[in-house]
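S.K.: Pasting a structure here, questions to come.
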Amino acid sequence: MNCYETLFVVKPTLTEEEITAEIAKVKDVLAKVDAELLATDDMGMRKLAYPVQKNDRGYYTVLFYKANGDAIAEIERNLKINEEVIKFLTVKYVKNKEIAQFDKLVAAANKSKDAEPAEPKAETTEA
149 MNCYETLFVV KPTLTEEEIT AEIAKVKDVL AKVDAELLAT DDMGMRKLAY
199 PVQKNDRGYY TVLFYKANGD AIAEIERNLK INEEVIKFLT VKYVKNKEIA
249 QFDKLVAAAN KSKDAEPAEP KAETTEA
């Protein structure tokens with residue numbers, strides 16, 4: 149199994165629930181093709197470098213996973229036919245240095261997910 153990273157951009161006109169549903173659809177495709185999802189990095193709403201389908205912004209998500217080479221065609225086919233996805237890019241990591249960088253990216257994505265802000269503690273004042 150090879151290491152892959154897929155970045156995809158979803159239309160900015162969707163609600164949070166719809167964006168979550170679109171991300172879940174892509175994750176379901178990964179599960180169907182027996183890919184091992186290692187990490188997800190939701191980068192959030194960002195400005196695009198240039199307008200795509202008359203959109204200036206988009207919701208970026210990066211998926212890090214291990215899969216067989218033939219699974220990529222099915223993943224990309226599903227991204228192409230999804231009308232809510234405006235752009236996507238898949239990167240394959242092959243060399244040892246690339247795989248080491250891939251492992252760092254996976255660790256960073258998992259760390260940022262674990263470092264979600266916790267409930268703020270109520271401040272107490274002493275008199």
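In the numbering used here, the protein residues as written are 149 to 275.
Cβ atoms here follow ideal geometry from the backbone N, Cα and C, with glycine treated the same way.
1. Output the distance between the C-alpha atoms of F212 and L186, rounded to the nearest integer angstrom.
2. According to the neighbour-count rule (16 or more other Cβ atoms, all chains shown, within 10 Å of its Cβ), is A221 buried or exposed?
3. So, helix, strand or coil for E153, using DSSP?
4. Within its chain, find whatever has a CB closer than 6 Å to the CB of I167; leave out the 5 residues flanking it on each side and keep chain order.
5. CB-CB under 8 Å to A275, same chain, minus the five flanking residues each way: which ones, in chain order?
6. When you compare the segment 239-253 with the segment 168-177, are there three or more beta-carbon pairs, one atom per stretch, that lie closer than 8 Å?
7. With distances taken between CB atoms, is the gap from T154 to T188 smaller than 8 Å?
8. Is DSSP giving A255 helix, strand or coil here?
9. Is DSSP giving V177 helix, strand or coil here?
10. Is A219 near A179, with beta carbons less than 8 Å apart?
11. Can you pull the DSSP bridge partners for V242?
12. Spatial neighbours of M260 within its chain, please: C-beta separation below 8 Å, excluding the five flanking residues on both sides.
13. Apply the 10 Å Cβ neighbour rule to A197 and answer buried if 16 or more other Cβ atoms are within range, or exposed otherwise.
M.R.: For this structure:
1. 6 Å
2. exposed
3. strand
4. V158 and Y207
5. Below a pLDDT of 50, predicted positions are generally treated as unreliable, and A275, at 47, falls in that range; the measurement from the model is reported next regardless. So the list is empty, once near-sequence residues are dropped.
6. No, the segment 239-253 does not touch the segment 168-177.
7. no
8. helix
9. Taken through DSSP and simplified to helix, strand or coil, V177 comes out as helix.
10. no
11. BP columns for V242 are empty, so no partner.
12. A small fix is needed here, since residue 260 is Ser in this sequence, not Met. So the qualifying residues of the chain are D189.
13. exposed
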